[in-house]
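Here is the structure we will look at.
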Ligand code: IVH
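In our numbering, the protein residues as written are 80 to 765.
Written out as structure tokens, the structure reads:
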């Protein structure tokens, strides 16, 4: 017989609870899927944990609604189909989170009670914000690396993990038949910055943050592409017992001794109060580290105690994470303006009521593109939450809809360029709006000239963006070539104002002389600098170097067809199409011819032989050099009569080792008895 003991209102309440549980499960499943499968997180860890805690509490209180498929029981994530999958020897768990000293005291109390001990020692480590890895070694040699996957099964991403230079292929003084370690793969803050600088040069959409980039990169099918992402890895646990290792602290020292990259920031804490000191110590200092961290991991030090405590289906009882909250503030969007880049890309920017956050005053935040405005449903006048975590750029995380003016309307993205008013267009499957009117649109004209004079291009000093805009306003320049036609008399005492409210600026004798000298000096810049300076979409500094080394002069490049351009190393369809398009435009050919007339370098120096000093010598180069780019060191070898090969063989005479040379190359060079020389040794040879 059904139970009719509920009153109607109780039944209503139960229905509400059931719905609330269903809603929470769906939301958490959705965020898990985004996080594990698409490497994206659109809510903060704190918000996520709050949702999870509400779900756990409701399921505890109303066990009739418990379900084995609830995200409170299973770990999120699916396995990517393209990689071979392996079962983990031990399930890869996650950590429960704490956010306060009270939570920590409670945790310590619980463990003392469970273990029946007066005091517990812990080892604290930073919680690196990356991607969990399990790495297996057999007989002292790398065997395989697996992702966390769904916790039970993960993807074999060995080829990609082998691009991590700090991960040993062979262990030092250890030939255990089987040894598994676990750690976190990540991209350092500085490498992430460099990756995005390259993306910016090529005018490509930027990577959102180091964690997502590391995770996405490890899932790429082509390991040569992965190698370019410069992934690093910290090891934080040894998954095997050794008789003489009794504590977690000892296991970390052991891992370091056998060659793993174990950061020295870990600390043994005698009790929970020392744990709190460690947390306080790193709260602000962690911002200065070159790796993103989002908290502290606190582990019971004694390995026997760890075994006694065991794990739940989701997380170990012997470890817990303390999460630092990303600083978040509420502010109001006063306006949304639109910036036009040199390629015509339109970036919406929110102008904010200024707020103090993460040690600085934030007045604006990029809204990226129309899709992002739509995703967050951002409207003019909205109150929004902004966060400045490890990332340098503040981001709007959500809208405070409760405070929204009921009369506000959905934000309508502009249809015309804010400067030249021409109609904007969006490329298929892309989110960015473009203004195509590049001959007339002022920010595009000034942007192109600013790019042309920038450090990596023609490196023309003494002219700032304001002067460029002033010279354009006064009709003295309109494209990069015009810089070379400027005469002293054109600019001396030139007065200009950038807008109504701007002060009057005037060019004095000294500035004029400096400007003209810098322009003259730039005529000596190399062909690759000039090619980069032309600002062809997607042609960054490295691509320009590859193109000039391949085509030798501009005429060869101009007359090349798509198939010819695509032959060049690292040039794909998108770049090739862009180059062909650029040189199909009459205006651009006219610009090149004008630059030729004023004596700029439109041929590669490599076809000029300098000496025979390296005749008969075969080189392989590896790593990063201080005084040369890879292209230019190859060039130097060739113009002095030497040869360069990609891989080491018995024919190789010297391996030139730069910074961060791959460990595999070093081992192979030693095996083949090839002499390893430094960049400076090479310079003295030529
Ligand atoms: S110990 C649960 N130590 O945090 C198994 N994990 O939610 C024990 N993480 O993705 C993990 N830094 O990869 C441990 N120093 C550290 C860590 C760390 C980052 C990651 C871990 C996992 C997540 C756990």
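Glycine included, every Cβ here is placed at the ideal spot set by N, Cα and C.
How about residue i and residue j: do their beta carbons lie closer than 7 Å?
| i | j | result |
| --- | --- | --- |
| residue 513 | residue 370 | no |
| residue 274 | residue 338 | no |
| residue 649 | residue 676 | no |
| residue 325 | residue 230 | no |
| residue 318 | residue 245 | no |
| residue 186 | residue 399 | yes |
| residue 620 | residue 606 | no |
| residue 421 | residue 327 | no |
| residue 357 | residue 411 | no |
| residue 487 | residue 454 | no |
| residue 331 | residue 345 | yes |
| residue 140 | residue 107 | no |
| residue 444 | residue 429 | yes |
| residue 204 | residue 315 | yes |
| residue 406 | residue 467 | yes |
| residue 616 | residue 657 | yes |
| residue 464 | residue 476 | yes |
| residue 528 | residue 559 | yes |
| residue 679 | residue 609 | yes |
| residue 516 | residue 533 | no |
| residue 753 | residue 734 | yes |
| residue 710 | residue 623 | no |
| residue 376 | residue 397 | no |
Evaluate residue i with the Cβ neighbour count: other Cβ atoms within 10 Å of its Cβ, from every protein chain shown; 16 or more gives buried, anything less gives exposed.
| i | result |
| --- | --- |
| residue 98 | exposed |
| residue 523 | buried |
| residue 134 | buried |
| residue 705 | exposed |
| residue 671 | buried |
| residue 169 | exposed |
| residue 543 | exposed |
| residue 567 | exposed |
| residue 713 | buried |
| residue 751 | exposed |
| residue 80 | Low per-residue confidence applies at residue 80: pLDDT is 34, beneath 50, and the placement is therefore not dependable enough to give any value. |
| residue 83 | Confidence at residue 83 is low in this model, with a pLDDT of 36, below 50, so its placement is unreliable and the value that follows should be read with caution. Label assigned to residue 83: exposed. |
| residue 553 | exposed |
| residue 580 | exposed |
| residue 367 | exposed |
| residue 613 | buried |
| residue 271 | buried |
| residue 564 | exposed |
| residue 460 | exposed |
| residue 301 | exposed |
| residue 526 | buried |
| residue 449 | buried |
| residue 105 | exposed |
| residue 721 | buried |
| residue 256 | exposed |
| residue 297 | buried |
Residues bridged to residue i by DSSP?
| i | result |
| --- | --- |
| residue 212 | 226, 262 |
| residue 441 | 434 |
| residue 401 | 177, 375 |
| residue 234 | 164 |
| residue 110 | In DSSP, residue 110 forms no bridge with anything. |
| residue 414 | 430 |
| residue 733 | 698, 754 |
| residue 395 | 390 |
| residue 632 | 682 |
| residue 584 | 575 |
| residue 719 | Paired residues: none, contrary to the question. |
| residue 201 | 348, 379 |
| residue 513 | 424, 504 |
Can residue i be considered in contact with the ligand SAH, in the sense that its beta carbon sits closer than 6 Å to one or more heavy atoms?
| i | result |
| --- | --- |
| residue 387 | Ligands present in the displayed structure are limited to the ligand IVH, and the ligand SAH is not among them. |
So, does the stretch 137-152 touch the stretch 220-233, judging by three or more C-beta pairs under 8 Å? Output reads no: the stretch 220-233 does not touch the stretch 137-152.
How would the residue list near the ligand IVH read, in chain order, if you kept each one whose beta-carbon is closer than 5 Å to any heavy atom? Going down the chain, each residue whose beta-carbon is closer than 5 Å to a heavy atom of the ligand IVH shows up: 172, 173, 174, 204, 206, 207, 211, 263, 315, 376.
Does the stretch 644-664 come close enough to the stretch 689-704 that 3 or more CB-CB pairs lie under 8 Å? Because the criterion of three Cβ pairs below 8 Å is not met, the stretch 689-704 and the stretch 644-664 do not touch.
Are at least three pairs of beta-carbons, each pair with one atom in the stretch 167-185 and one in the stretch 264-279, less than 8 Å apart? Segment contact: the stretch 167-185 against the stretch 264-279, fewer than three CB-CB distances shorter than 8 Å; contact not assigned.
Is the stretch 500-507 close to the stretch 589-596, with three or more CB pairs under 8 Å? No: fewer than three Cβ pairs fall under 8 Å.
contact_flag[the stretch 187-202, the stretch 369-388] where n(CB pairs < 8 Å) is 3 or more: As far as the Cβ criterion goes, the stretch 187-202 touches the stretch 369-388, which means the pair count is three or higher.
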